[in-house]
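Here the structure is laid out as structure tokens; the discussion comes afterwards.
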Amino acid sequence: MEAMDFPENFTWGVAAAAYQIEGAATEDGKGPSVWDEFCKVPGKVLDGHSGEIACDHYHRYPSDVALMKELGVRHYRLSVSWPRVIPAGTGSVNRAGLDFYDRLVDSLLEAGITPWVTLFHWDYPLELFRRGGWLERASVGWFADYVKVVVERLSDRVSHWITLNEPQCFLGFGHATGTNAPGLRLSHAECLRAGHHVLLAHGRAVQILREHAKSPPIIGWAPVGVVSVPEDPENAADIEAARRSMASVSGGDASSMGMPPNLWSNTWWGDPVVFGSYPEDGIRAAGDAMPRIEAGDMAIISQPVDFYGANIYSGTRYRASASGEPVRLPHPPHTPLSAFKWPVVPESLRWGPRFLHERYQLPVIVTENGVSLADWISLDGRVHDPLRIDFLHRYLTQLGLAIGDGADVRGYFHWSILDNFEWAEGYKQRFGLVHVDYETQRRTPKDSAFWLREVMTTHRLPS
Ligand code: IFM
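Per my numbering, the very first residue in the sequence shown carries number 1053; after that it's consecutive.
Encoded structure:
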């Protein structure tokens, strides 16, 4: 491979989320979230793991921030835990919880690291779930009130905001298949109703940010990028087939994951946010399950955003049939798999951002990308993860090609800075650039962390 330069103003960063790293699940007045509760249900999370201690980042954030600085990190995507800030989800604010984020933001800024704050990354307040959760239209107002509290406290220093992380997952796995918290198996209509409220919550969060932020906000969101790639990247018909598949609600094949139609797609979520309308094919697929849309809803949902985030890990190959229809192809038998058994498809980082940019005409930021591997500390005390370096090299090369194709891609956040609590998979999946020994909480940067430091600081992929 040849060396490849990225634009000087390209944003390189790393990401993590509150429940996955903070721990301190019951400390300093934090309220329970649906994840705290779900982890207590036998059989739901691998080996009974939970985020109770996780990486103990709540207490160790000063040294974690110092480590990030040492590893050349200039941008860090964190999430705020709603029940840490408002224990019951609405009402009294927990000063100690808010103070934690205040201190975290200050130490990041002191270390020269720009915070990118995600307002919701799955740890929904348990109290509000008991009052109906996302199924209730009132959830939109509950979320807006919480967002206002965070924005009023942090926006004098934070200007980069992400409203929600992956509605496809917290609804699809949390409310349809029941494999994630809160473990519901709702009907199609109920899932789409909850989804409509989630979209309204996103729109209200954008409005609150624009009205109340003390420094000009740069706002986006972070859905899953459900990616289709052309089998032959030189074949115009295959490219068009992949483009069409990514823009269809069935392209992601929700049914293969046990989800009702629409949930595992780009457009069911992205079209309302950017165009202010649900996609026609999704409306047909929803049929009687279509949510009730009140006057003004679509205007709230489609508040202008500054970038389109996408969390991209893999992709599916498509070719064009003789009549140009997209034909979904199985992964070739030689396709490498991560420890999670996710197919490694580097081309997803070219075609995903490119097609999303073409459709939505917004700057795209890869808000997550990374790989879970079976990393361990070697006898020499280091963590050698050549496969992650290879993964990064391949994926980032494709991202560079997307930019070369003319896609307006502005940034890349690596998931994750630390090994952490990987939801229903517990601590089995290690996505970090930094190895965490969960017994001792010792952090050991992996070889990939030093490799990525070089890329992030030079804006150049080596040959
Ligand atoms: O760990 C998750 C993250 O919380 C959301 N996106 C995917 C990651 C890896 O599964």
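Even glycine gets a Cβ: it sits at the ideal position worked out from N, Cα and C.
Start and end residues, alpha helix (DSSP H) containing residue 1417: Where residue 1417 is concerned, there is no enclosing alpha helix (DSSP H), although the beta strand (DSSP E) it sits in stretches over 1416-1420.
Continuous alpha helix (DSSP H) assignments of at least 4 residues falling wholly in the region 1065-1093: Qualifying alpha helix (DSSP H) stretches, in chain order: 1070-1073 and 1086-1090.
Tell me the rounded alpha-carbon separation between residue 1217 and residue 1174. Each residue's Cα considered, the two are about 7 Å apart.
Anticipated Cβ contact below 8 Å, residue 1178 with residue 1085, distance rounded: For residue 1178 against residue 1085, the beta-carbon gap comes to about 6 Å, under 8 Å, which counts as contact.
Whole angstroms is fine: what's the gap from residue 1388's alpha carbon to residue 1100's? So the two alpha carbons sit approximately 29 Å from each other.
Any chance the CB of residue 1551 is under 7 Å from a heavy atom of the ligand IFM? An answer regarding residue 1551 cannot be provided, because it is not within the stretch 1053 to 1515 covered by the chain.
Just checking, does the region 1266-1280 make contact with the region 1331-1349 on the three C-beta pairs under 8 Å criterion? Contact between the region 1266-1280 and the region 1331-1349 is absent, because fewer than three Cβ pairs lie under 8 Å.
Proximity test, residue 1421 beta-carbon vs the ligand IFM heavy atom, cut-off 7 Å: It does not: the Cβ of residue 1421 is nowhere closer than 7 Å to a heavy atom of the ligand IFM.
8 Å CB neighbourhood of residue 1200 in its chain, flanking five on each side removed: Apart from sequence neighbours up to five positions away, the residues of its chain that approach residue 1200 with a beta-carbon distance below 8 Å are 1260 and 1264, ordered along the chain.
Could you say which of 1436, 1097 and 1477 lies nearest to residue 1496 if we only look at CA atoms? Closest option to residue 1496, judged by alpha-carbon separation, among 1436, 1097 and 1477: 1436.
Name the two residues that bound the continuous beta strand (DSSP E) containing residue 1386. Residue 1386: not part of any beta strand (DSSP E); DSSP gives it neither H nor E.
Which residue's Cα is closest to the Cα of residue 1333: 1327, 1320, 1326 and 1343? When each option's Cα is compared against that of residue 1333, the closest is 1320.
Enumerate in chain order the residues of its own chain whose CB-to-CB distance from residue 1352 is below 8 Å, with the five nearest sequence positions on each side excluded. Once the five neighbours on either side are set aside, the close Cβ partners of residue 1352 are 1252, 1255, 1256 and 1259.
Do residue 1491 and residue 1274 have their C-beta atoms within less than 8 Å of each other? Judged by beta-carbon spacing, residue 1274 lies beyond the 8 Å limit of residue 1491, meaning their Cβ atoms are not closer than that value.
Looking at the unbroken alpha helix (DSSP H) that takes in residue 1509, where does it start and where does it end? Run containing residue 1509: 1499-1510, per the alpha helix (DSSP H) assignment.
Can you give, in chain order, each stretch of the beta strand (DSSP E) that sits fully within the region 1302-1372 and has at least 3 residues? Runs of the beta strand (DSSP E) spanning 3 or more residues and lying entirely within the region 1302-1372 occur at 1359-1363 and 1368-1372, in chain order.
For the alpha helix (DSSP H) containing residue 1055, list its first residue and its last residue. No alpha helix (DSSP H) holds residue 1055; DSSP gives it neither H nor E.
Exposed or buried, which one is residue 1386 when buried takes at least 16 other CB atoms within 10 Å? With fewer than 16 other beta carbons inside 10 angstroms of its own, residue 1386 counts as exposed.
Beta-carbon within less than 6 Å of residue 1051's beta-carbon, same chain only, minus the 5 sequence neighbours each way: which residues are those? Beyond the ends of the chain as shown, which are 1053 and 1515, falls residue 1051; an answer cannot be given.
Using 10 angstroms around the beta-carbon of residue 1080, count the other beta-carbons present and answer buried if the total reaches 16, otherwise exposed. Burial is judged here by how many other beta carbons sit within 10 angstroms of a residue's own beta carbon; residue 1080 has fewer than 16 and is exposed.
Using 8 Å as the threshold, is the C-beta distance between residue 1246 and residue 1087 below it? Result no, Cβ atoms of residue 1246 and residue 1087 do not sit closer than 8 Å.
Could you tell me the alpha carbon to alpha carbon distance between residue 1516 and residue 1059, rounded to whole angstroms? It is not possible to answer for residue 1516, since the shown part of the chain is limited to 1053 through 1515.
What is the DSSP secondary structure of residue 1270, reduced to helix, strand or coil? Residue 1270: strand per DSSP, three-state reduction.
Neighbourhood of residue 1283 by C-beta distance below 7 Å, restricted to the same chain and skipping five residues each side: If we look at residue 1283 and ignore the five residues flanking it on each side, its Cβ neighbours are 1290, 1369, 1370, 1371 and 1381.
Taking the alpha-carbon of residue 1466 as reference, which of 1061, 1056, 1053 and 1069 has the nearest alpha-carbon? Comparing Cα-Cα distances from residue 1466 to each of 1061, 1056, 1053 and 1069, the minimum goes to 1069.
Quick one: does the C-beta of residue 1218 sit closer than 7 Å to a heavy atom of the ligand IFM? For residue 1218, the CB falls within less than 7 Å of some heavy atom of the ligand IFM.
If distances are taken between C-alpha atoms only, which option among 1433, 1502 and 1359 comes closest to residue 1461? Answer by Cα proximity: 1359.
Residue 1069: CB within 7 Å of a non-hydrogen atom of the ligand IFM: Yes - the ligand IFM has a heavy atom lying nearer than 7 Å to the Cβ of residue 1069.
Nearest to residue 1122 by alpha carbon, out of 1485, 1453, 1061 and 1096? The residue with the shortest Cα to Cα distance from residue 1122 is 1485.
Assuming residue 1127 contacts residue 1116 (C-beta within less than 8 Å), just tell me the rounded distance between them. Actually they do not touch by this definition, with Cβ atoms about 15 Å apart.
Inter-residue spacing [alpha-carbon to alpha-carbon] between residue 1242 and residue 1423: About 33 Å.
Span separating the alpha-carbon of residue 1395 from that of residue 1343: Each residue's Cα considered, the two are about 34 Å apart.
Looking at C-alpha atoms only, which residue of 1181, 1202 and 1141 is the closest neighbour of residue 1131? A check of alpha carbon separations from residue 1131 across 1181, 1202 and 1141 identifies 1202 as the nearest.
Output the residue ranges of the alpha helix (DSSP H) runs that lie fully inside the region 1411-1472 and measure 4 residues or longer, sorted by chain position. List check, alpha helix (DSSP H) in window: 1438-1456.
With burial defined as no fewer than 16 other Cβ atoms inside 10 Å of the residue's Cβ, what is the status of residue 1155: buried or exposed? By the neighbour-count rule (16 or more Cβ atoms within 10 Å), residue 1155 is not buried but exposed.
Looking at the secondary structure, which residues open and close the beta strand (DSSP E) in which residue 1475 lies? From DSSP, residue 1475 is part of no beta strand (DSSP E); its letter is neither H nor E.
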